[in-house]
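Worksheet: one structure, shown below.
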Amino acid sequence: MGRRFLVLSASMGSGHDAVAAELSGRLRARGHESVRVDVLDLLPAGVGGAVRAFYRTVIHHAPAVYAGIYATFFRSGGGPRPGSSPLATLADAPLLDIVGQGAFDVVVPVFHLAAQLTGGLRARGRLGTGSAVVITDFAAHRQWLHPGNDLHLCLTPGIADEVRRAVGRPAAVSGPLVARHFLRPAARGSEEHTSEPQVSTQPAWRL
Numbered sequence: 001m002g003r004r005f006l007v008l009s010a011s012m013g014s015g016h017d018a019v020a021a022e023l024s025g026r027l028r029a030r031g032h033e034s035v036r037v038d039v040l041d042l043l044p045a046g047v048g049g050a051v052r053a054f055y056r057t058v059i060h061h062a063p064a065v066y067a068g069i070y071a072t073f074f075r076s077g078g079g080p081r082p083g084s085s086p087l088a089t090l091a092d093a094p095l096l097d098i099v100g101q102g103a104f105d106v107v108v109p110v111f112h113l114a115a116q117l118t119g120g121l122r123a124r125g126r127l128g129t130g131s132a133v134v135i136t137d138f139a140a141h142r143q144w145l146h147p148g149n150d151l152h153l154c155l156t157p158g159i160a161d162e163v164r165r166a167v168g169r170p171a172a173v174s175g176p177l178v179a180r181h182f183l184r185p186a187a188r189g190s191e192e193h194t195s196e197p198q199v200s201t202q203p204a205w206r207l
């Protein structure tokens, strides 16, 4: 019998939504059910839209501001550092309502704010459903990491090792969650290519 998965994405550009769509498609192909929710929609009215608009504005018009935000909130460093947990807690009640009404077996964040949300709820004993975070970046910055989450799925073995050291929790290698045609080797016969890279399409996370 298939399981029910709740995939938490965020419409902060197309990247996270693309991963959520690919993951949901793979889950359904294996006989599971998958529901996608935008974590920004779980925030109080107007907050999610403001976060999205601010992100797009600084990316397009003030990259230096974004660089400062990244250095402050995302990079590792000594001493106390601000985080996104206070913002994530604003979505606590809506997420718990969705999980309770949908009888989900696993919650899967594919966006770092959602990872802080599920990790905090799991750590406080408020979320009884397991959480498996899909880290979509090649740098597992600290906003992805929360010891309350049960599992972190990573792009490479090196990232998985880094995550295990950082949070002391299980981490596995899932590989890239991209459409299948991106994983196909190049056509043979090209004089410029004598061999093709071997890309594993078998994820380490068995569903």
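Just so it is clear: in the sequence shown, position 128 is 128 by full-length UniProt numbering, and no numbers are missing. Beta carbons: idealized from backbone N, C-alpha and C, even for Gly.
(request) Report the option in P147, V51, E22 and D150 whose CA atom is closest to the CA atom of S34. (result) The sequence position of residue 34 within the sequence shown is 34, counting from 1. When each option's Cα is compared against that of S34, the closest is E22.
(request) Would you mind reading off the limits of the beta strand (DSSP E) that contains D41? (result) As a first step, residue 41 must be located in the sequence shown, where it is residue number 41. Counted as a single uninterrupted DSSP element, the stretch harbouring D41 is not any beta strand (DSSP E), since DSSP gives it neither H nor E.
(message) Could you tell me the alpha carbon to alpha carbon distance between R124 and P147, rounded to whole angstroms?
(response) Your numbering for residue 124 matches position 124 in the sequence shown. Your numbering for residue 147 matches position 147 in the sequence shown. Near 11 Å, if we compare the C-alpha coordinates of P147 and R124.
(message) Would G102 and R4 qualify as a contact pair, given that the criterion is a beta-carbon distance under 8 Å?
(response) Counting from one through the sequence shown, the residue named residue 102 turns up at place 102. Counting from one through the sequence shown, the residue named residue 4 turns up at place 4. Yes, they are a contact pair.
(message) Using only CA atoms, which one of I98, A132 and D97 lies nearest to H112?
(response) Here the question's residue 112 lines up with position 112 in the sequence shown. Of I98, A132 and D97, the residue nearest in Cα terms is A132.
(request) Compute the Euclidean distance between the alpha carbons of V47 and G25, then round it to the nearest angstrom. (result) Here residue 47 refers to the residue found at position 47 when the sequence shown is read from its first residue. Here residue 25 refers to the residue found at position 25 when the sequence shown is read from its first residue. Near 29 Å, if we compare the C-alpha coordinates of G25 and V47.
(message) Quick check on M1: buried or exposed, where buried means 16 or more other Cβ atoms within 10 Å of its Cβ?
(response) Position 1 of the sequence shown, counted from the start, is the residue given in the question as residue 1. It is exposed - the Cβ of M1 has fewer than 16 other Cβ atoms within 10 Å.
(message) Looking at the strands, I want to know which residues DSSP matches up with V7.
(response) Stepping through the sequence shown from its first residue, residue 7 is reached at position 7. Looking at the DSSP assignment, V7 forms a beta bridge with R36 and V108.
(request) Enumerate in chain order the residues of its own chain whose CB-to-CB distance from A20 is below 7 Å, with the five nearest sequence positions on each side excluded. (result) Here residue 20 refers to the residue found at position 20 when the sequence shown is read from its first residue. Closer than 7 Å at Cβ, skipping near neighbours: V7, S9, R36 and V110.
(request) Name the residue from T89, V108 and G13 whose alpha carbon lies nearest to the alpha carbon of L153. (result) Here residue 153 refers to the residue found at position 153 when the sequence shown is read from its first residue. For L153, the closest C-alpha among the options T89, V108 and G13 is that of V108.
(message) If you follow the alpha helix (DSSP H) that A88 is in, where does it begin and where does it stop?
(response) Residue numbering aside, residue 88 sits at position 88 when the sequence shown is read from its first letter. Per DSSP, A88 belongs to the alpha helix (DSSP H) from S85 to T89.
(request) For the beta strand (DSSP E) holding G130, just list the boundary residues, first then last. (result) As a position in the sequence shown, residue 130 is number 130, starting the count at 1. That run of the beta strand (DSSP E) goes G130 to V134.
(request) Would you kindly report the start and end of the unbroken beta strand (DSSP E) that includes V173? (result) Counted from its first residue, the sequence shown places residue 173 at position 173. Following the DSSP letters along the chain, one finds V173 inside the beta strand (DSSP E) bounded by residues A171 to V173.
(request) Please report the Cβ distance between R52 and L40, rounded to the nearest whole angstrom; I am assuming they are in contact, meaning their Cβ atoms lie under 8 Å. (result) Counting from 1 along the sequence shown, the entry for residue 52 is found at position 52. Counting from 1 along the sequence shown, the entry for residue 40 is found at position 40. That pair is a contact at about 6 Å.
(message) Is it buried or exposed, R165, if we count other Cβ atoms within 10 angstroms and call 16 or more buried?
(response) The sequence position of residue 165 within the sequence shown is 165, counting from 1. By the C-beta density criterion, R165 is exposed, having fewer than 16 other C-beta atoms within 10 angstroms.
(request) Could you say which of I59, T156 and D150 lies nearest to A140 if we only look at CA atoms? (result) By one-based count along the sequence shown, residue 140 stands at place 140. Ranking I59, T156 and D150 by Cα distance to A140 puts T156 first.
(request) Would you identify the three-state DSSP class for A18, choosing helix, strand or coil? (result) Looking up residue 18 in the sequence shown gives position 18. Reduced to three states, the DSSP call for A18 is helix.
(message) Can you list, in chain order, the residues of its chain with a C-beta nearer than 7 Å to that of E162? Leave out the 5 residues immediately preceding and following it.
(response) Within the sequence shown, numbered from 1, the residue matching residue 162 stands at position 162. Within its own chain, the residues whose Cβ lies closer than 7 Å to the Cβ of E162, once the five positions on either side in sequence are excluded, are A140, listed in chain order.
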